[in-house]
Amino acid sequence: MKRLSIIGCGLLLSPPLAASRALPDSVASLVDTSVDPCVDFYRFSCGGWLATHDILRNESMVEYAFDTAQNAMDAVVLQAITNDSTSLVGELYASCMDMDARNTVGAEPLRDGVQSIVNAQDKRELFQVAGRLARTGADFITNLEPDSSLQNASRNVLWVSHADLTLEDEYYENPQVLKYIEKNLTFYASTILNLTGFELEGSEYDDYGEVVLGVEKQLIELQNYAELDPETADVYYSFLYKEAAENYPLVFGAYAEGMQLLDDAPALTENTEIAFLTTAYFEKAEELVLLVTLDALKVYVAFAYINNFAKYLSEPFVDARFEFFRGVMLGAQTPLSMEKICAANVVDLLPVHAGAAYVANRDDMKETGDAFIAMLNELLDAMATNIKTLDWLDDRTRAGALAKLDTLEVMYVEPDADQLEKEAQGLVKLDPTAYFANVDLIRTAQYVSLAWTIGADVDRGEWGMSAASANAYYTPYTNQIVFPAGLMQQPFFDASGSAAQIFGSLGVVAGHEISHGFDNTGSNFDAKGNWNKWWTDTTAAEFETRAQCLVDLYSSFYTEAEDGVQLVPVNGMKTLGENIADNGGLHVAFNAYKKRACSPGSGDDNSSDNDDQLFFLSYAQTWCGKIRDETAVDSFLTNAHAVGEVRVNGAAMNSFAFASAFNCPAGAPMNPVDKCVLWGQRHYCMLSCEVLGTQGGEFPLAMAATTDAIETQDERERRQRYEDTERELLAVLEAETVDESTRKRQLVGLFDRFRSEYTQLSVKLRESLRLQRRLMDKCLQMKNELVVCALKIKTTEQVQADEIKSLVFYRDECEYAWKQSALSQERECDAVRIIDDLKAKIEDLQLQVKAHVANGASPTPSRRRPHSKGSSEVPLSTSPVVSKTQTSHLYPPTFADSPTMTAVSPTKRSKLLMNGSPGSLTMPSLLSFEEWKFATKVWCPATPLALGGPSRTAPTPSKDAIHASERQQEITRCVSVPSLHPTPMERVNSPQQQQRQQQERINSTTTMPARAGTPSSIVAATQSSAQNPQTAPITRRGGTPAIKRRAPRQLPHVQ
């Protein structure tokens, strides 16, 4: 099928897979062409790969892009650290791999720590012991760590927050899942406590595992008080150190004393201000520890300490930890290889040194880094254009967003060399035969280094992950994005690849991180990284509305077990920040890609019809993967990121560019009519590179969809079927050589087809009108705000297509659009009349068919000649004559002027084109959509323009057009036309009216099921699987859960 390019505020429509240039083998081999991309884009993009890849027994998931990059990176890291056995990373790796030495020492390295817990005489002493053990990372209830101040991001302060628990609180909110997990948690806790010989003489507790679970359930109740409250974050939650010790004598005072913070941090004194995320959590924690018995606290502190070090100990500890955390929680069946485990531990403990070793063994980093930063600058430009053109941002908020983007700091490949020295402080040499001692030394050195930063300036050169990581991140309090070298490799990035692949893969990832600066968390921090409410109330409210649309959409996704039972739904609120970043990143990357692909000398001047599809396929295939049911449940419950399938389909559903690239009809699963759009344009024009020529182009070019964009390929095909049926019906009526029985059968069948096509066409007509009206209303609501992009298009009769230029229309455009709304209402009247006339025509035709069938005669075609006496002709219609003004059309249903619906000749069609009036909107028979568009002067609803040029005055109707008096009578009979100079109340609804309308929409939506837990049908599965810790609570053939969406709901409409 030939690609249809609609120029203007339309979209480039293409078949499901354009065939002008073959997709790269690396992309095509992953695709499943039996799946409709407009129904399930993820399965279309990844189905071929999913069919040929299984999850390894020692893994909880398998991922195409990340595993490919990770495996390649692991090979480089392993080679680097094994080739230099005397380096810190080489010595640490060697000690990890020496399992014989680790088994020999067993649990001995933990004996002193465990015994100090057992010997504690009271709770104060116990918390002092817990604080001392926390110097190596074993937190209990409280976490003390330096970080930047909310009010002064350039300065570090001591932050006091809650410590993590063994299980995320979401597990405790799902009783069915917890019932399976908690049995295995108690077994794991008992196992590792027993391995260390932990024993409390005279204790009332027989099962230490049950005690751990009991204390953890008590602590989980505190989590509701542990999070930062955005509404009160500007309140100064700080105390002097000595005041905090008095207020919370156990959970802070004794704990900090055990950590020896006043000794280790030079800038910290009893009169130093320290920061608390919340105070309610510590008030409740202090009350709780006074109520819990001393022995129960000892058991839990011992468990927290041992669990923190279990993976660095002997095989029994390693195996027990695997069984619970990777077996029970994630579904893995066998452990990873020691090489893979030890390499990962080296990267985790010495991230800077491991990253440096990796980069030193990559000979392509200079070229790759230069290509990456060039791409990133294009992404930043695209984001700036996006912010400048968003219609829902007011001037103050827009200026703040641009300032924040302008000060964004980009760090890539690896950190500066001084970070190597910083990480090596206190680590002159490690012992290749003493793994635990090495780990303890490294962690202690890291603690001392952190203590020295309290009260000091923030080190902006410090990274939060290793250069040997296939990941990236954004930090709001430094306003930095970090892209490690590990991400700059195939399949994420290939410096020699096409723009579509580069921007579709790593470009979207980078756009994702840029967008994090403006998500529901990042938007609370200003350009300097300070917590600052720099948004106006009006714009903040608009942000919340659009964000809620995303919450509702993603909450409609859920996992499905093999028997079709709906399992855990996506937590739309928990994943909101990542979903905002996914959607924003996809939009920004696409616009940057289009600008590069269509720019002179880009190297992509010969971009093919399927390049847009290649962009989206490259994006989707980044997330091809399978996960075990246990991992899916864990991810859905605890992860701030949705699983890959949800990320791909969720963002694509909100992308107008995706719907255009794959020609998805409006209302298709992957192209819902109501989209959730936050950091992206709701509508924009996309010109093909052929049209743009050497001029390049700004994207997005416009914000409003036109009537031609509304008409999808599906609608055009439906209209064509209607025309074909009409011609067949007339041909049967006019045929002279067909026997009457055959003619009767043909007439009945064709008439039924004709009526069906009419019904579908009239429904689409109404839908198009409603969408057009909504777009017009949006422009009116913008009032005097800037109307961002429109196009000035002249027909080929005036200038050539390559002379197309873009215009920006400013404040008076809404005034003009309002004047055009009179025409819009006339169109709605026309629509009503069109439908009525269609019904009349069908009734007329039905009478003709019935008369013909009854009389058995063959009528002669006629142009509505009077039936004269004595004529042998049978009248074609007994219904009243329909005037020309009653057959005016908004949407081109292609009826002829006469009731016989005879086709209009090309000559007459040309005359009608020249004489057509935009006021009358008369649609002669068999006009093409482009011809009809020109005849009626229909343009972008937000800025309706005559196609003949920039003049805002509609052309004067010709003498052949409808008489004004007849036209006015029809308008009066339908609806009243608004004044061309309305009052403000006529332009937009009042805020109260808008609020009522919004509430009505919310009330009309389907209520989400309560997320109290997994459906009851899962209980049997969890009970049976609990008998075998290695059995998944939910099993499904194929190794990965199905991701489904609930039935479509009425989402809050966001323009």
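End of the sequence shown sits at 1090 in the numbering used here; the numbers just go up one at a time, nothing left out. Cβ atoms here follow ideal geometry from the backbone N, Cα and C, with glycine treated the same way.
For A367, which residues from the same chain have a beta carbon less than 8 angstroms from its beta carbon, with the 5 sequence-adjacent residues on both sides left out?
R92, N93, E94, S95, F357, R361 and R663, listed in sequence order.
Distance, P210 Cα to S1059 Cα:
Below a pLDDT of 50, predicted positions are generally treated as unreliable, and S1059, at 35, falls in that range; the measurement from the model is reported next regardless. One C-alpha to the other measures close to 16 angstroms.
My output table needs one value for Q781: the three-state DSSP class, helix, strand or coil.
Annotated three-state conformation of Q781 is helix, per DSSP.
Once the 5 residues before and after A331 are set aside, which same chain residues still bring their CB inside 8 angstroms of it?
Correct list, in chain order: Y240, V246, G249 and V250.
Measure how close the beta-carbons of A224 and P467 come, nearest whole angstrom, since I'm counting them as under 8 angstroms.
Contact between A224 and P467 does not hold, since the beta-carbon distance rounds to 32 angstroms and is not under 8 angstroms.
Can you look up V445 in the DSSP assignment and give me helix, strand or coil?
Strand.
Jot down the residue ranges of each uninterrupted beta strand (DSSP E) in the stretch 142-203, minimum 3 residues, whole runs only, in chain order.
Runs of the beta strand (DSSP E) inside the stretch 142-203: 177-183 and 191-197.
Any alpha helix (DSSP H) of 4 or more consecutive residues that is wholly inside the stretch 87-143
Within the stretch 87-143, the complete alpha helix (DSSP H) runs of at least 4 residues are 99-118, 123-132 and 134-140.
Residue burial classification, A389 (beta-carbon count within 10 angstroms, cutoff 16)
Only buried fits A389, as 16 or more other CB atoms lie within 10 angstroms of its CB.
Can you give the Cα-Cα distance for E680 and V543, rounded to whole angstroms?
So the alpha carbons of these two residues sit roughly 16 angstroms apart.
8 angstroms is my cut-off, CB to CB: does E763 come that close to chain C?
No chain C is present in this structure, which holds just one protein chain.
Where does D617 sit, in a helix, a strand or coil, going by DSSP?
Three-state result, D617: helix.
Beta-ladder partner(s) of W566, from DSSP:
Answer by DSSP bridge pairing, in chain order: F560.
Suppose the cutoff is 7 angstroms on Cβ atoms and the five residues either side in sequence are ignored; what does the same chain contact list for H547 look like?
Non-local C-beta neighbours of H547 in its own chain, meaning closer than 7 angstroms and more than five positions away in sequence, comprise A616, D617 and G620, ordered along the chain.
Please list, in chain order, all residues of the same chain as L455 whose beta carbon is under 8 angstroms from its beta carbon, the five residues on each side excluded.
V387, H388 and A391.
Just checking my contact of C131 with Y470 at CB under 8 angstroms: how many whole Å lie between their CB atoms?
Confirmed, Cβ separation roughly 5 angstroms.
Cβ atoms of F76 and M705: under 8 angstroms apart, would you say?
Yes, Cβ-Cβ distance for M705 and F76 is below 8 angstroms.
Hey, would you say R170 sits closer than 8 angstroms to M294, going by beta carbons?
Between R170 and M294, the CB-CB gap stays under 8 angstroms.
Got a sec, what are the start and stop residues for the alpha helix (DSSP H) A576 sits in?
In the DSSP assignment, A576 falls within the unbroken alpha helix (DSSP H) covering D572 to S590.
Buried or exposed for T87, please, with buried defined as at least 16 other CB atoms from any protein chain shown within 10 angstroms of its CB.
It counts as exposed.
Report buried or exposed for A438, applying the criterion of at least 16 other Cβ atoms within 10 angstroms of its Cβ.
When all chains shown are included, A438 counts as exposed.
Spatial neighbours of I227 within its chain, please: CB distance less than 8 angstroms, with the 5 preceding and 5 following residues excluded, ordered by chain position.
Only F338, I341, N342, A345, F352, A355 and R356 meet the Cβ criterion.
When we look at the beta-carbon of G702 and count the other beta-carbons within 10 Å, is it buried (16 or more) or exposed?
Exposed, by the Cβ-count rule.
For E497 and L296, the rounded distance between their alpha carbons
Each residue's alpha carbon lies about 22 angstroms from the other.
Where does Q1034 sit, in a helix, a strand or coil, going by DSSP?
Its pLDDT being 48, under 50, Q1034 is placed unreliably by the model, and nothing is read from it.
DSSP state of D494, grouped into three classes?
Three-state DSSP puts D494 in coil, outside helix and strand.
Can you tell which of D298, Q515, A486 and K158 has the C-alpha that lies nearest to the C-alpha of L323?
When only C-alpha atoms are compared, the closest one is K158.
Starting from I549, follow the alpha helix (DSSP H) in both directions and report where the run begins and ends.
Start and end: V543 to H551.
Suppose the cutoff is 8 angstroms on Cβ atoms and the five residues either side in sequence are ignored; what does the same chain contact list for N506 look like?
Here the set comprises M500, P519, G521 and L522.
Which same chain residues end up closer than 8 angstroms to A104 when comparing Cβ atoms and leaving out the 5 residues on each side of it in sequence?
Only residues of its own chain outside the window of five on either side were considered, and among them A505, G521, L522, Q524, Q525, P526 and F527 have a CB closer than 8 angstroms to the CB of A104, listed in chain order.
Please report how far the alpha carbon of C824 lies from the alpha carbon of A486, in whole angstroms.
Because C824 sits at a pLDDT of 32, beneath the cut-off of 50, its placement in the model cannot be relied upon, and the following sentence gives the value as read from the coordinates. Those two C-alpha atoms are separated by around 53 angstroms.
Is it right to say D494 is buried, meaning 16 or more other beta carbons lie within 10 angstroms of its own, or is it exposed?
Here D494 is exposed. Its C-beta has fewer than 16 other C-beta atoms within 10 Å.
Where G532 and C633 are concerned, what is the direct C-alpha to C-alpha distance, given to the nearest angstrom?
In a straight line, the C-alpha of G532 is about 16 angstroms away from that of C633.
Is the separation between the beta-carbon of Y593 and that of A535 shorter than 8 angstroms?
No. Outside cutoff.
Contact the stretch 115-128 vs the stretch 684-691: 3+ CB pairs below 8 angstroms
The stretch 115-128 is not in contact with the stretch 684-691.
State buried or exposed for L185, treating a residue as buried only when at least 16 other CB atoms are found within 10 Å of its CB.
Buried is the call here.
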